[in-house]
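Last residue of the sequence shown: number 290 in numbering that gives the first Met the number 0, and the count goes up by one each step with no gaps. Think of the CB as a built atom: it goes at the ideal place given N, C-alpha and C, for glycine as much as any other residue. These notes are about the structure you will find just below.
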Amino acid sequence: MTIWNLGSINSDHFYGVDHLPEPGETVLSETMERGLGGKGANMSVAAARAAAHVSHIGAVGPDGQWAVDRLTEYGVDTRPIAQLDTPTGHAVIALDAAGENHIIVFPGANREISRDAIGLALSEAAPGDILLMQNETNEQAYAAETGSKLGLKVAYAAAPFSAQAVRQVLPHLDILVLNHIEMAQLVEETGLLPGPKLGVDTVIVTKGAAGCVFYDRSNGFDAIGFDAIPVDAVDTTGAGDTFTGYFLAGIDRGMAPEEAIGTAIKASALMVTRRGTADVIPDLKEVLDWS
């Protein structure tokens, strides 16, 4: 089985600051690092490191071959990634001593992926494969509809949150992963809670250090809570992406959702003890050995 990820690829620029700036405030940074990022790339790396076969559908600019090479090194199939004339997406990340962040994202090539490229990639998919999407690319609605027609299990991480984007893909979704703030935004925009009216079989609401809540059609959408693992976090950037990638990899390997969530929680807890994004996502052996 394969996870097909229509996802962003960014160059992440990390700036270490004493505290996150308030509106109108200028702060100095004593450190700066560049790494591979973007919600799509993070999730692809996480799923690949969790022993899934991952094929990434995306785009970079003339300056982005290093990112494609890095994804390949991490075990991701990068053949569906196009090189365009538009610059590669990038993110500016201010990171304070407590591990909290402010992030500004320039989408770049991520928003110029063609329908032809998506259709060509998905023509190789098989029923039962997983299609994963986030909100940092274009053509999610087309991909979701196409994937659903092909018999793929369609998963969606609703970040950055957009009510319009969610409404467009909602009829085609099997799995929805979002954080508690995004869930509140979804309820405000649609009036729908996880359940039959929302129409999504599996919903996971992540709550950071408070764990997550799992809703599934199989148990009547009763809320099942999972605790997070207490750690001393140094960088929370990409923790949710790591969770999503690991969870879907577990589902792809035939794990029960509750077991997949347990592994995903452990992976994201380990990840936030490290500084960085895709480059520091732990592999499955590290996660299983970690206590």
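One or two residues paired with residue i in a DSSP bridge
{"i": "residue 295", "result": "Residue 295 cannot be examined here, being either before or after the span of the chain that is shown, 0 to 290."}
{"i": "residue 254", "result": "For residue 254, which the question treats as bridged, DSSP gives no partner whatsoever."}
{"i": "residue 9", "result": "36 and 88"}
{"i": "residue 94", "result": "15 and 100"}
{"i": "residue 222", "result": "Bridge partners of residue 222: none, in fact."}
{"i": "residue 180", "result": "Residue 180 is not bridged to any residue."}
Closest Cα partner of residue i within the set the options
{"i": "residue 38", "options": "109, 96 and 265", "result": "109"}
{"i": "residue 4", "options": "288, 98 and 248", "result": "248"}
{"i": "residue 114", "options": "284, 281, 139 and 276", "result": "139"}
{"i": "residue 124", "options": "92, 56, 252 and 60", "result": "56"}
{"i": "residue 209", "options": "165, 268 and 89", "result": "268"}
Length of the line joining the Cα atoms of residue i and residue j
{"i": "residue 291", "j": "residue 183", "result": "With the chain represented from 0 up to 290, any question about residue 291 goes unanswered, as that position is not in the structure."}
{"i": "residue 217", "j": "residue 258", "result": "15 angstroms"}
{"i": "residue 272", "j": "residue 1", "result": "29 angstroms"}
{"i": "residue 235", "j": "residue 279", "result": "12 angstroms"}
{"i": "residue 254", "j": "residue 111", "result": "35 angstroms"}
{"i": "residue 6", "j": "residue 146", "result": "15 angstroms"}
{"i": "residue 120", "j": "residue 129", "result": "13 angstroms"}
{"i": "residue 87", "j": "residue 106", "result": "8 angstroms"}
{"i": "residue 283", "j": "residue 154", "result": "21 angstroms"}
{"i": "residue 214", "j": "residue 202", "result": "5 angstroms"}
{"i": "residue 194", "j": "residue 62", "result": "44 angstroms"}
Cβ-heavy atom distance, residue i to the ligand FAD, below 7 angstroms
{"i": "residue 53", "result": "The model depicted lacks the ligand FAD and carries no ligand whatsoever."}
Enclosing alpha helix (DSSP H) for residue i [first to last residue]
{"i": "residue 117", "result": "114 to 121"}
{"i": "residue 81", "result": "Residue 81 -> not in any alpha helix (DSSP H); beta strand (DSSP E) instead, spanning 80 to 82."}
{"i": "residue 72", "result": "64 to 72"}
{"i": "residue 286", "result": "283 to 288"}
{"i": "residue 165", "result": "162 to 168"}
{"i": "residue 367", "result": "The shown model of the chain, from 0 to 290, leaves out residue 367, and the question about it has no answer."}
Start-to-end residues for the beta strand (DSSP E) that takes in residue i
{"i": "residue 55", "result": "53 to 59"}
{"i": "residue 212", "result": "211 to 215"}
{"i": "residue 271", "result": "Unbroken run through residue 271: none, as it is neither H nor E."}
{"i": "residue 202", "result": "201 to 205"}
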